[in-house]
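In what follows, a structure is listed as structure tokens, so that the remarks can point back to it.
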Amino acid sequence: MEAKKIIGLGSPLLDIQAEVPGEFLEKYGLTLNNTYFAEEKHLPLYEELINIPTHSHVPGGSALNTIRLARWMAQAGQDQVKFIGCVGKKDKFANMLIEVTNKDGVTTLFDEQDQPTGKCGVLLCNKDRCLVPLIGAAAHLSDEYVDQHIDDIKTATVLFSEVYFLYPRAELTKRIYKIASESGVNTCLTLSSVNAVSDKFNDILAVLPYVDYLFGNEEEVEQFAKNLKLEGDLPQVMQQIAGYEKLGQRERVVVCTQGKKPTLIAKKNEVITVEVQLVDVSKIVDTNSAGDSFCGGFIAELLNGPDLVKCAKAGNYSASQTIQHEGSTIPKYVPEKTW
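Mapping of the sequence shown onto the numbering used here: residues 173 to 511, in sequence order.
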């Protein structure tokens, strides 16, 4: 029997992280605890960062974080987990991104365009951070390249993407989800952020009929429900979202994380509550990738079948491990399956 596969779709970015002095931030007009989408004046910043001897670089972008964690959680073999995206042509940042992604066990299906590879400068100063993302080539994935790999999409067990990817490629995303849904793939979409839910609301609605599993935290789900003009408490609006227009073979499942509070899972006629195993506060290093990591654990367990409680427990375990490391670092040990 052919091995079950996960396909990711989204914006692959190279996260370049380094400790910098205050003068570095001043030079580029940056302040801590903010995100600045890169302008012309910021472009030399990335070269400067990789020349800092203590810098680190890891694959980034929300969907790619999820896919890397899913590969780890599933302990999947070669070519079982793949990611479709776009990088720059003959670009050293692309080579770095491909090398570290492949090292994490994810096969890169990367289109190449005449744009700089997407990257994010993560500037650390006095235990605070400033982010400088440059989407670059990640916004230019071509329809032609996707068509070359359409069989990978049709034969996948799980397809996962992010609302962030609707910003540059909404129509292409809808087409991919339609094809995957018609092929019986478990289609998964994460709402990404409160701003993304509002910015891309109409594009989410266009894709939603083909989405089997919709992920979000409580703020994102509540914002989506508000945009849909739904009424009721969180479990009630989740059920209504689950029952919203749906095509394909499955009922929709809405999954809502609430930090330390229980994870909620809704079908249109049912709500399941899954308690979260808390991590000792002293062991928590970085909660930024917790949501991406939860999705990774959930879809990894989904390969074994749609046991929603097990999937949520796997997601919570994955998130609990990630927050004990910096960024979306893949742990070196094998996950302990306790669910």
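The C-beta atom is built at its ideal place from N, Cα and C for all residues, glycine as well.
Here the structure is a predicted model, which means the values were calculated and not measured.
Excluding five sequence neighbours on each side, which residues of the same chain lie with their C-beta closer than 6 angstroms to the C-beta of residue i?
{"i": "GLU423", "result": "LYS439"}
{"i": "PHE387", "result": "THR362, VAL427, CYS467"}
{"i": "PRO288", "result": "GLY260, GLY308"}
{"i": "GLY431", "result": "none"}
{"i": "LYS482", "result": "GLU473, TRP511"}
{"i": "ASP251", "result": "THR279"}
{"i": "ALA176", "result": "According to the sequence displayed, residue 176 carries Lys and not Ala. Result list for LYS176: THR329, LEU475, in chain order."}
{"i": "ILE281", "result": "Ile is not the amino acid found at residue 281; the sequence shown has Leu there. Answer for LEU281: LYS254, ILE256, HIS321, listed in chain order."}
{"i": "PRO507", "result": "MET245"}
Hey, does residue i have any beta-carbon neighbour from chain B nearer than 8 angstroms?
{"i": "SER454", "result": "In the structure shown, chain B cannot be found, because there is only a single protein chain."}
So residue i packs on residue j, CB below 8 angstroms; how close in whole Å?
{"i": "GLY290", "j": "PRO184", "result": "6 angstroms"}
{"i": "ILE179", "j": "ILE325", "result": "6 angstroms"}
{"i": "VAL304", "j": "HIS214", "result": "6 angstroms"}
{"i": "ALA378", "j": "LYS346", "result": "5 angstroms"}
{"i": "VAL446", "j": "LYS401", "result": "So it is not a contact: roughly 28 angstroms between Cβ atoms."}
{"i": "ALA310", "j": "CYS258", "result": "6 angstroms"}
{"i": "ILE348", "j": "VAL318", "result": "6 angstroms"}
{"i": "CYS292", "j": "GLY249", "result": "Not a contact, Cβ separation roughly 29 angstroms."}
{"i": "VAL369", "j": "PHE396", "result": "5 angstroms"}
{"i": "HIS229", "j": "ILE222", "result": "7 angstroms"}
Considering only DSSP beta bridges, list what residue i is partnered with.
{"i": "THR445", "result": "LEU436"}
{"i": "LYS254", "result": "ILE179, THR279"}
{"i": "CYS360", "result": "PHE332, TYR385"}
{"i": "LEU187", "result": "A small correction: the amino acid at residue 187 is Asp; Leu does not occupy that position in the sequence shown. Answer is VAL230, CYS292, bridged to ASP187."}
{"i": "PRO216", "result": "In DSSP, PRO216 forms no bridge with anything."}
{"i": "GLU403", "result": "BP columns for GLU403 are empty, so no partner."}
{"i": "LEU284", "result": "Sequence check: residue 284 is Glu here, not Leu. Its beta-bridge partners are VAL259."}
{"i": "LEU306", "result": "LYS291"}
{"i": "CYS428", "result": "GLY388, LEU436"}
{"i": "CYS297", "result": "ASP300"}
{"i": "THR207", "result": "LEU303"}
For residue i, I'd like the list of residues in its chain whose CB is within less than 8 angstroms of its CB, leaving aside the five on either flank, ordered along the chain.
{"i": "PRO193", "result": "CYS297"}
{"i": "THR226", "result": "ALA190, GLU191"}
{"i": "VAL443", "result": "PRO407, MET410, GLN411, LEU436, ILE437"}
Hey, out of the options, whose CA is closest to residue i's CA?
{"i": "GLU417", "options": "PRO381, VAL318, PHE337, GLY257", "result": "PRO381"}
{"i": "THR273", "options": "THR501, THR329, ILE495, GLU198", "result": "THR501"}
{"i": "ASP375", "options": "GLN411, GLU334, LEU204, GLY415", "result": "GLU334"}
{"i": "ASP452", "options": "ILE495, VAL446, SER353", "result": "ILE495"}
{"i": "LYS254", "options": "LYS264, LYS262, ASP263, LEU236", "result": "LEU236"}
{"i": "ASN367", "options": "THR435, VAL379, GLU391, ASN206", "result": "GLU391"}
{"i": "PRO478", "options": "VAL318, ILE437, ALA462, THR459", "result": "ILE437"}
{"i": "ASP283", "options": "ARG301, GLY277, LEU306, ILE256", "result": "ILE256"}
{"i": "ILE471", "options": "PHE332, GLN412, MET410", "result": "PHE332"}
{"i": "VAL330", "options": "ALA414, GLU354, GLN320", "result": "GLU354"}
{"i": "THR459", "options": "HIS497, LYS433, THR327, SER314", "result": "HIS497"}
{"i": "HIS312", "options": "SER492, ARG301, ASP286, ASP300", "result": "ASP286"}
{"i": "THR203", "options": "VAL230, ARG301, LEU306", "result": "ARG301"}
{"i": "ILE413", "options": "LEU181, TYR317, ASN441", "result": "ASN441"}
{"i": "THR429", "options": "PHE373, SER492, LYS372", "result": "SER492"}
{"i": "THR135", "options": "VAL409, LEU181, GLY487", "result": "The structure shown does not extend to residue 135, since the chain spans only 173 to 511, so no value can be given for it."}
{"i": "TYR505", "options": "PHE373, ASP276, GLU198", "result": "ASP276"}
{"i": "LEU306", "options": "GLU212, LYS199, HIS229", "result": "GLU212"}
{"i": "GLY182", "options": "LEU419, ALA462, SER314, GLN320", "result": "SER314"}
{"i": "ALA352", "options": "GLN421, LYS299, GLY415", "result": "GLN421"}
Short of 7 angstroms in beta carbon distance, which residues of its chain neighbour residue i, apart from the five on each side in sequence? Order them along the chain.
{"i": "SER490", "result": "LEU241, MET245, SER465, PHE466, GLY468, GLY469"}
{"i": "SER364", "result": "SER234, GLU334, VAL335, TYR336"}
{"i": "ASP263", "result": "PRO288, THR289"}
{"i": "VAL457", "result": "ILE495, GLN496, HIS497, GLU498"}
{"i": "ASP405", "result": "none"}
{"i": "SER461", "result": "ASN237, THR494, GLY499, SER500"}
{"i": "GLY415", "result": "LYS440"}
{"i": "GLY463", "result": "ASN389, THR429"}
{"i": "PHE373", "result": "ASN399"}
{"i": "LEU450", "result": "LYS432"}
Is residue i close to the ligand NAP? I mean its beta-carbon at under 7 angstroms from any heavy atom of the ligand.
{"i": "VAL294", "result": "Of ligands this structure carries none, so the ligand NAP is not represented either."}
Contact the region 326-344 vs the region 218-227: 3+ CB pairs below 8 angstroms: no
Three CB pairs or more closer than 8 angstroms across the region 356-373 and the region 385-399: Counting Cβ pairs under 8 angstroms, three or more are found: they touch.
Contact the region 256-272 vs the region 180-197: 3+ CB pairs below 8 angstroms: yes
The region 193-210 contacting the region 245-254, beta-carbon criterion three pairs below 8 angstroms: With a cut-off of 8 angstroms, the region 245-254 and the region 193-210 do not count as touching, because too few Cβ pairs lie within range.
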